[in-house]
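Here it is as structure tokens:
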């Protein structure tokens, strides 16, 4: 319901809508509904790239989340370049000791 409300009131490209999309994808992933989560992760990532830019921390989170989902699905050839992109972005934008950077290294 929250996502539908954001879409109606704020539009698909609003940062709050994109966060809601990403959060719903995370919930679906946690439930094991990977087929449902993947298109939402992709939508959030595409929207954040357009709205916020490739190097924005929220975009990097979306890149990381999609990479983790693809890794879980065994699609390592798709996951690896995304993981590398996220790690490089975190290092450049947040530094080597930021928790997001360290998590990205671990993943």
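In full-length UniProt numbering, the protein residues as written are 1 to 107. Each residue gets a CB set at the ideal place from its N, CA and C atoms; glycine is no exception.
For residue 16, the enclosing alpha helix (DSSP H) starts and ends at 15 to 30. Excluding residues up to 5 positions away in sequence, 20, 24 lie with their Cβ nearer than 6 Å to the Cβ of residue 3 in the same chain. Within the segment 57 to 105, the complete alpha helix (DSSP H) segments of 4 residues or longer fall at 57 to 72, 76 to 94, listed in chain order. Residue burial is scored here from C-beta neighbours: residue 47 has at least 16 other C-beta atoms within 10 angstroms and is therefore classed as buried. Your pair residue 60 and residue 93 checks out as a contact, with CB atoms roughly 7 Å apart and the cut at 8 Å. With distances taken between CA atoms, residue 26 lies nearest to 41 out of 63, 41, 104.
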